[in-house]
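Below is one structure, written out as structure tokens; the observations come after it.
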Amino acid sequence: MQGMRRRTLLSAAGGTAMAGGLLGVGNAQAAAAPAARSVPRASGPYDQKIKQLMGRMTVDEKFGQLQQLPWTWDTGPGGGETKAVEDAARKGMLGSVFSIFGAKTTNALQKIAVEESRLGIPLVFGLDVIHGMWTNFPIPLAQAASFDPAVTVADAEVSAKEARSNGVHWTFAPMMDVTHEPRWGRIAEGSGEDPYLTSAFAAAKVRGYQGEDPKDLKAKDRVAACAKHFVAYGGAEGGRDYNTVDVSESRLRNLYLPPFKAALDAGVATVMASFNTISGVPAHANPHTLTDILKKEWGFDGLVVSDFTGVKELIAHGFAEDGADAARLSLNAGVDMEMTSTHFVENGKKLLRAGKIEQQRLDDAVYRVLQLKYQLGLFDQPYVEEKGEITEPSADARKAARAAAARSMVLLKNEKSVLPLSAKASSIAVVGPFADSADLLGTWVIPASEKKFPAGKVLDAVKKAAPGAKVTYAKGVDAAGKDTSGIGEAVAAAKAAEVTVVVVGEPPAISGEAAARSDISLPGAQEKLIEAVAATGKPFVVVLVNGRPLTVGDWLAQAPAVLEAWHPGIEAGHAIADVLFGAVNPGGKLPASFPRTVGQIPIHYNHESTGRPYDADNKYTSKYLDLPDGPQFPFGFGLSYTDFTLGDPKLSRSSVAADALRKGDTLEVSVEVRNTGKRAGDEVVQLYVHDRAASLTQPVRRLRGFRRVTLAPGKHTTVRFRLGAADLGFWTNDSHGHFTVEAGAFDLYVGTSSAATAKLGLTVD
Ligand code: BGC
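Just so we're aligned, residue 28 is where the sequence shown starts under this note's numbering, counting upward by one.
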């Protein structure tokens, strides 16, 4: 068999989101080299102006532009000191400030930079507007569950408008770290386990923040986006935040890099380095990823910012001797702006004099900073109109957030059609620690928004949705802790009600950054509460509010219906009620597998095959003796209140020449989908590819197409996917970047989850 396989090496097909150019030179070995490799750049529209300005700058002022300081927040070592920030701005020794917002506040600080510094260079203001500023949308992981990039566009557009009107020019989003680690708290901030889905959401969000023209970010309702964290942060060993990542070149390019390339193709203005090491070289000092791939191979001409004290952390990593060494390594590797720590500005001049930094690298970094400021129009309009400041969510923004949250929910189980609930029910019990809780915004919210605009509560929304029902409430248990003394009251409420809604989950504080968990089941005694309600024998529904996949445990068998609502944001209550009562028919799908137990992690659909694939009847195959095969719920899974059937998928041709693919030829996969149930609803049709035999073992399936469709009962439509070189090929282990499509047999799976069984054969020859 081996000898019969032909290996047609097909070079990267440019122009697609996944297949980059082939301009890469250099290798990862040069991490400790003193000088950066120069990056050729095409001159942009602001070239003349930037060069003229740079001609007037002193070396100190140049390093000053590379400094970003925090305002009043403290998300780690460093903290914000407003006085120090003002002084640096006055001296012209500051390029940017972050964790700042408010028209008055930003204008006052900007005034210092523009009117009191020698050259009057405006500051660029950044903020982590991750899933909303005042109007919190569902967390990004939830948005990905919608399988509808329009959801993330809605968030980005509302966010950009609110942020810019508050003087914020730059958001540190979208986060696009693919991860196979549900223990990692930051899975909440990304789009889950798949690079294709993540790429689609990353690109859409960048466009939503920035608009269509990345060279022009002047509009009042746009902000510069930031692709983060570059790169492979989601590979943290054991899911422990900031942990080591050891990754092959092929996995780096096939799994972690594609969303960043997609963000670049969408015009993302900035990129943030990641806290992790990449095969021994910290991402903040990694010339292979930052310069060779990002800036040279992909031609990224925007700004690379460090992540918080990522430059300083090179010392703790055991990679840099001291601050000066950290500055040298990081700047030379390709970081342009240092956030929070101050090693560039403190050591830059000395390093330059000693020849440890080249003038060209310094100028290149400064150029990138100034270019962003020109793109944002800050030299012409450094201030924001104070009367235009948005200080609260508008009715339209709330409406969009409510629709987005409902569209992101995933129905995991619905036996005997417990759901949707009837608005005419005579009595409903709403129990659980999140039933009467406003702590549903999710990770990364502006502290002021949490205080001023908390999430709507489920209890209130249920009362509104079923005005004729007697709605009772009991907390039962806390979100954490062992106290079960309140369970009796919840059980009594359940016994007395026609149906019970149990709202359980994770407090947002245990998801997000620095929030890894070794046990990802429902915290505290929440499972006991579910079991006690189940023991009443009355119908009930479990609503999960969480920031990561959970191990759902034994209680799943006892719960007739389970709705995954994630952390839904400001309109949490209404959005959950919309789905519970059927105003919205759930159509979301899981963007990450739900494991059966923690011991099964990593478990993800896009794994490679072993030489001994799982076989129930053969012990000597890849398996756990104490678990069935596969996850509890697979990637792409989600139910609806209606039923859909898919016809036999069709392929426009059963074979294609590799050469033709290289020239841009494509194939069409089509399938008819029909709503065979009684309600209008959504289905997400998914296409997966498997290269049966290749020169690098391939994932057993890879998502290469998805489409969410809405159909009235009895209606049908045909979903069409185009497949080209980018979908059938992969990146090899060549560090210079080599994308190949190999001849051979491919399986294509079409269905409604990653467990789809309908299969087509394709031959590439
Ligand atoms: C996070 C980044 C964030 C930055 C600035 C860091 O701790 O890793 O994602 O953008 O802080 O707040």
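Note that the Cβ used here is the ideal one computed from N, Cα and C, for glycine as well. All figures in this text were calculated on a predicted structure; none of them were measured in a lab.
In its chain, beyond the 5 residues on either side, 158, 182, 428, 431, 596 have a beta carbon closer than 6 Å to the beta carbon of residue 164. DSSP places residue 766 in the strand class (E or B) of the three-state scheme. Here residue 589 is not near residue 602, since their CB atoms are 9 Å or more apart. As DSSP reads the structure, residue 455 sits in a beta bridge with 498, 526. For residue 464, the number of other beta carbons within 10 angstroms of its own is at least 16, and it is reported as buried. In terms of Cβ geometry, residue 737 and residue 705 do not form a close pair [threshold 9 Å]. Take residue 743, set aside five residues on each side of it, and the residues of its chain with a beta-carbon closer than 6 Å to its own are 699, 701, in chain order.
With a contact defined as Cβ atoms closer than 8 Å, residue 287 and residue 254 qualify at about 5 Å. For a cut-off of 8 Å, the C-beta gap from residue 618 to residue 212 is around 16 Å, too long to register as a contact. Relative to residue 697, the option among 741, 734, 747 whose CA is nearest is 747. Three or more beta-carbon pairs separated by less than 8 Å link the stretch 139–154 to the stretch 111–131, which places the two stretches in contact. Counting only runs of at least 4 residues, the stretch 573–613 fully encloses the following alpha helix (DSSP H) elements, listed from N- to C-terminal order: 582–585, 599–607.
Residue 381 counts as exposed, since fewer than 16 other beta carbons sit within 10 angstroms of its beta carbon. Checking the DSSP bridge columns, you'll see residue 789 partnered with 773. Of the candidates 84, 545, 579, 545 places its Cα closest to the Cα of residue 268.
In the structure shown, residue 543 adopts coil according to DSSP, grouped into three states. The C-beta distance from residue 123 to residue 95 rounds to 4 Å, short enough to meet the 8 Å contact threshold.
Counted as a single uninterrupted DSSP element, the beta strand (DSSP E) harbouring residue 730 occupies residues 729–738. Counted as a single uninterrupted DSSP element, the alpha helix (DSSP H) harbouring residue 222 occupies residues 222–237. Going by C-alpha positions, residue 413 is about 29 Å away from residue 365. In this model, residue 362 and residue 754 are separated by some 32 Å (Cα to Cα). Using a 10 angstroms sphere on the CB of residue 394, the tally of other CB atoms reaches 16 or more, which defines it as buried. Here the alpha carbons of residue 720 and residue 511 stand approximately 54 Å from one another. Residue 717 and residue 732 have their alpha carbons spaced roughly 13 Å apart.
The way I'd put it, the stretch 756–768 does touch the stretch 275–283; three or more beta-carbon pairs between them come closer than 8 Å. Look at residue 723 here: in three-state DSSP terms it is coil, with no helix or strand label.
Less than 9 Å separates the beta-carbon of residue 229 from that of residue 201. Bridge pairing for residue 324: absent [DSSP]. In this structure, 779 is the residue among 779, 355, 83, 707 with its C-alpha nearest to the C-alpha of residue 660. When secondary structure is reduced to three states using DSSP, residue 94 falls in the strand class.
Close CB contacts of residue 679 within its chain, under the 6 Å cut and outside five residues either way in sequence, are with 694, 695 (chain order).
Taking 9 Å as the cut-off, the Cβ atoms of residue 91 and residue 298 do not count as close. Here the alpha carbon of residue 635 sits roughly 12 Å from the alpha carbon of residue 649. Rounded to the nearest whole angstrom, the C-alpha separation of residue 445 and residue 312 is 55 Å. Checking the 8 Å criterion, the Cβ of residue 126 is within range of a heavy atom belonging to the ligand BGC. Taking C-beta separations shorter than 7 Å and ignoring five residues to either side along the sequence, the partners of residue 640 in its chain run 648, 649, following chain order.
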